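Undergrad: Structure provided below as structure tokens; questions to follow.
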Amino acid sequence: MIPERAPTVRELLAFYLEAGVDCALAEEPVDRLAELDAPPPAPRAAPVEAPRPVAAPAAMRGEVAPAPDVAIASAREAARTAPTLEALRELMQNFEGCALKHTATRLVFADGNPQARIMFVGEAPGRDEDIEGLPFVGRSGKLLDLMIGAIGLNRTTAYITNVIPWRPPGNRTPTPQETQICLPFIQRHIELVNPDVLVTLGNPSTQTLLSTREGIMRTRGRWFDYDTGQRTIRALATFHPAYLLRSPSYKRLAWQDLRAIAKVLAG
């Protein structure tokens, strides 16, 4: 029986990348081989227990987040006080209540024209978005550009953001607590942009913003009323571009949703 060939380093790296392990979270690289070759430490004559440090080292910054209810209340208060999009961005940049901030590369705030009549909201940034600091710039973003281009829109005539502004590690699904902490920020974001049409992309953003527990198959193509407290905005749910990349047969339904959006914008 012929033994299986051991994978190469390149193949192992490709495997980890597919699994979502695409970034190092330590402050400094660690040479594990050097640790193995290092001589063992000399035995100490009289073992004395060292006092425990009171404060965590700098490398541990951000790992202890406030309790979820405290973080949610803090986010609500901060978001409520933001008078402009620039102020909201700065508040979010300085917000310490969400642990995702400390594993992401940067804040992904928004892209497009804040004066646009239409606003698209997805779930959370991915790897490409985390690198560039803009929403929908990877494969999903390219498809979204084609989708909105089909009804005469582009990033100068539309506004694009996400419910979660920081990339979850390995592109995992945000937890309900993380979503609730970030919710006041996206709600204030929508209030400040004040679009005529709000489009939720995918199930998570639809359920979070439109207060429904139904799946995207039932909610897509339906119009909802989104109440900002100042006015009611027409909102429509449709598929997330990432879902359409995995299930291209649903592009036909997404095209129906886009035509409905175009009809409202033209009216």
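Each residue of the sequence shown is one higher than the one before, starting from 503 at the first, in our numbering. Backbone N, C-alpha and C define an ideal beta-carbon position, used for all residues, glycine too. If you're wondering where the values come from, they're calculated on a predicted model, not measured in any experiment.
1. Would the stretch 635–647 and the stretch 675–693 be scored as touching if the rule is three or more Cβ pairs under 8 angstroms?
2. Pop quiz: Gly-704 and Gly-628 are said to be a contact at Cβ under 8 angstroms. What is the actual Cβ separation, rounded to whole angstroms?
3. Could you tell me if Gln-709 is buried or exposed, where buried requires 16 or more neighbouring beta carbons within 10 angstroms of its beta carbon?
4. Looking only at C-alpha atoms, which of Val-665, Met-649, Pro-509, Glu-716 sits nearest to Pro-750?
5. Is any non-hydrogen atom of the ligand MN found closer than 7 angstroms to the C-beta of Glu-579, if you look at the structure I gave you?
6. Note down the Cα distance separating Arg-669 from Asp-613, rounded to an integer number of angstroms.
7. Output needed for Arg-619: all residues of its chain with C-beta closer than 7 angstroms, excluding positions within five of it in sequence on either side, in chain order.
8. Could you spell out where the alpha helix (DSSP H) holding Ile-718 opens and where it closes?
9. Write down the C-beta distance between Tyr-609 and Met-621 rounded to the nearest angstrom, noting that I regard them as a contact closer than 8 angstroms.
10. Rounded to whole angstroms, how far is the Cβ of Phe-611 from the Cβ of Thr-663, which I believe are closer than 8 angstroms?
11. Using the Cα positions of Ala-756 and Ala-739, report the straight-line distance between them to the nearest angstrom.
12. Ends of the alpha helix (DSSP H) at Leu-757?
13. From the DSSP output, in three-state form, read off Ile-650 for me.
14. Return the chain-ordered list of same chain residues with a C-beta closer than 6 angstroms to the C-beta of Leu-587, the five sequence neighbours on each side being excluded.
15. Using only CA atoms, which one of Pro-743, Asp-632, Arg-722, Arg-512 lies nearest to Gly-502?
16. I'd like the list of long-range same chain contacts for Asp-759, defined as Cβ closer than 7 angstroms, with 5 residues on each side in sequence excluded.
17. Count the other CB atoms within 10 Å of the CB of Gly-640; is the residue buried (16 or more) or exposed (fewer)?
18. Report all residues from its chain with a CB closer than 7 angstroms to the CB of Ala-508; omit the five preceding and five following residues, and keep chain order.
19. Taking the CB atoms as reference points, tell me whether Ile-735 and Ile-574 lie closer together than 8 angstroms.
20. Which partner residues does Ile-666 have in the DSSP bridge list?
21. Whole angstroms is fine: what's the gap from Ile-763's alpha carbon to Gly-651's?
22. Report the residue ranges of all beta strand (DSSP E) runs contained in full by the stretch 660–706; include only those spanning at least 3 residues, in chain order.
TA: So, from the listed chains and residues:
1. no
2. The Cβ separation is near 12 angstroms, so there is no contact.
3. buried
4. Met-649
5. This structure simply doesn't include the ligand MN, nor any ligand for that matter.
6. 16 angstroms
7. Pro-697, Asp-698, Val-699, Leu-767
8. 718–721
9. Here residue 609 turns out to be Leu, not Tyr, going by the sequence shown. At roughly 18 angstroms, the Cβ-Cβ gap does not stay under 8 angstroms, so Leu-609 and Met-621 are not in contact.
10. 7 angstroms
11. 10 angstroms
12. First, the amino acid is wrong: residue 757 is Trp here, not Leu. Per DSSP, Trp-757 belongs to the alpha helix (DSSP H) from 753–768.
13. helix
14. Pro-616, Leu-694
15. Residue 502 falls outside the range modelled here, since the chain spans only 503 to 769, and no answer is possible.
16. Arg-722, Gly-723, Leu-738, Thr-740
17. buried
18. none
19. no
20. Looking at the DSSP assignment, Ile-666 forms no beta bridge with any residue, so it has no partner.
21. 12 angstroms
22. 661–664, 699–703
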